[in-house]
Amino acid sequence: MPHRFTYFALPLLTAFPLAASAEVPRVAVDIPPVYSLVSIVMGDVGSPELFIQPGASPHGYSLRPSEASALDSADLVIWVSNALTPWLEGPVDNLAGDARHLELMDVPGTRTLEYREGATFSLDGELAHGHYHDHEHGHDHEHEHGHEHGHDHEHEQDQGHDHHGHDHSHTGMNPHAWLAPGNARQWLAAIAEQLSELDPDNAAIYRDNAEQGQEALTALEQRLQERLADSTDTRFIVFHDAYQYFEEAFNVHAAGAISIGDASAPSPARIEALQTLVNEENIQCVFSEPQFNPQMVNNVFGDTSAYLGVMDPLGVGLTLDAGLYSALLEQLAGEITNCTSAKSE
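If you count by mature numbering (1 follows the signal peptide of the UniProt record, and there is no 0), then the sequence shown holds residues -22 to -1, 1 to 323, one letter each, in order.
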């Protein structure tokens, strides 16, 4: 009987020898949350390789030789979206042209959101994007317009910001979709199917692991919804607009974003709008991100009454294994509940 992978098991289980001599597919992945999801599916059969250094921004990156080698030797490359890693299209085509490619945002059933406009978002309890796209057959590019995006409609072009050598626009589809557990469940099944086609001898293991992972994510989602039930009125500002999938899943609401993009400095007008928001709308918390200088947040909001915390969409500092995805969502929920507790003090 094939050895089954247990999603939340802490000790590493010893894998039984594979029944077949077929080589396990070599899988290259982009970010730690995707590494975690692929590890859930592969279980004890094998492990993926990460080709973006943990802690680095995926929006702009230069591959190290070892990471380029991981792409070059891959049988399957899995990444979130070209919208998240616009620099990746060339390396994937050049280094992994013969490999299978799985862009997760193109998986049928993936639900997507648009980036929110302006420094501040809607405070009425509704998400500022106004609509959700369900991708039955790949990307849905027919976006509705004319909906409310919140109090501040500045279509700012921050001057002098640093995009670290890449051209990445924080408009249109928001690619941070791994923070929706529903999307992760869809992706587990898609990952299992790709691996099963490459490695039919272990197909039953991959599919069984994916089903167990889906059940675990459903339980996690329910648990976090209960944990965050008292945080629906908590208002906070994030570093950049990366968390609205998490917000939608758990009915919590960011009030604005400091940066127009994860690598750009906010304009003076944006800073002023956010400071006004914090002071006038009883914003309880402001979150920086570990990849970027927290002094920016301290300089802007250190004199306000807001609790200053850290939120991270990538799982920086978490153990790179199958449990990282659930630990990431737990970590985000913990920051929101800390914010709620700070509000009541």
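All C-beta atoms in this analysis are idealised placements derived from N, C-alpha and C, irrespective of residue type, glycine included.
- The beta carbons of LEU49 and VAL55 sit about 6 Å from each other, so the pair counts as a contact at 8 Å.
- Taking the Cβ atoms as the reference, TYR221 lies roughly 16 Å from LEU286, outside the contact range of under 8 Å.
- VAL85 and LEU166 have their C-alpha atoms some 10 Å from each other.
- Taking 3 residues as the shortest admissible run, the stretch 247 to 319 contains the following complete beta strand (DSSP E) segments, listed from N- to C-terminal end: 263 to 266, 285 to 288.
- ARG185 carries a helical assignment under DSSP once its states are collapsed to helix, strand and coil.
- By the neighbour-count criterion, in which 16 or more other beta carbons inside 10 Å mark a residue as buried, THR318 falls on the buried side.
- ILE215 is the residue among VAL2, ILE183, ILE215, ASN187 whose C-alpha sits nearest the C-alpha of GLY96.
- Within the stretch 27 to 81, the beta strand (DSSP E) runs of at least 3 residues that lie entirely inside it are, in chain order, 54 to 57, 78 to 81.
- Residue environment analysis places ASP177 among the buried positions, since at least 16 neighbouring C-beta atoms fall within 10 angstroms of its C-beta.
- In the three-state scheme derived from DSSP, where H, G and I count as helix and E and B as strand, GLU92 is classed as strand.
- Check the Cα spacing between LEU82 and each of LEU28, LEU15, PRO268: the tightest is with LEU15.
- Judged by their CB atoms, PHE265 and PHE217 are nearer to each other than the 8 Å cut-off.
- Residues SER25, PRO26, ASP299, ALA300 of the same chain have their beta carbon placed closer than 7 Å to that of SER17, with the five preceding and five following residues left out of the count.
- Of the candidates ASP53, VAL7, GLY21, PRO43, GLY21 places its Cα closest to the Cα of ALA188.
- Beta-bridge pairing by DSSP links ILE215 to GLY234, VAL264.
- In the structure shown, ASN161 falls within a helical segment according to DSSP collapsed to helix, strand and coil.
- Following the DSSP letters along the chain, one finds ALA6 in no alpha helix (DSSP H) but inside the beta strand (DSSP E) bounded by residues 5 to 7.
- Here the alpha carbons of GLN262 and ALA320 stand approximately 7 Å from one another.
- Contact check for LEU202 against LEU306 fails: the beta carbons are separated by 8 Å or more.
- The residues ALA46, LEU49, ASP50, in chain order, have a CB closer than 7 Å to that of LEU73 in the same chain once the five nearest residues on each side in sequence are set aside.
- Assignment of ASN229 by DSSP, reduced to helix, strand and coil, places it in the coil class.
- Burial state of GLU92 is buried, judged by a 10 Å Cβ sphere holding 16 or more other Cβ atoms.
- ASN60 has its alpha-carbon roughly 17 Å from the corresponding atom of GLN31.
- In chain order, LEU157, LEU310 place their CB closer than 6 Å to the CB of PHE224, counting only its own chain and leaving out the 5 sequence neighbours on each side.
- Straight-line measurement puts the Cα of GLU226 at about 23 Å from the Cα of ALA284.
- Looking from the CA of HIS79, the closest CA among THR88, GLY87, GLU67, LEU292 belongs to GLU67.
- Of the other Cβ atoms in all chains shown, 16 or more fall within 10 Å of the Cβ of GLY191; this residue is therefore buried.
- Closest option to ILE169, judged by alpha-carbon separation, among MET151, THR212, GLY150, ASP53: ASP53.
- One Cα belongs to PRO246, the other to LEU302, and the distance between them is close to 37 Å.
- In terms of CA proximity to ALA233, VAL256 leads the group GLU267, VAL256, ALA182, ARG163.
- Per the C-alpha coordinates, the member of GLY312, ASP290, VAL5, GLU313 positioned closest to GLY33 is ASP290.
- In the three-state reduction of the DSSP assignment, THR210 falls in the coil class, being assigned neither a helical nor a strand state.
- When only Cα atoms are considered, GLN172 and GLN200 end up about 28 Å apart.
- Of the candidates ASN152, SER35, LEU41, PHE99, PHE99 places its Cα closest to the Cα of ALA251.
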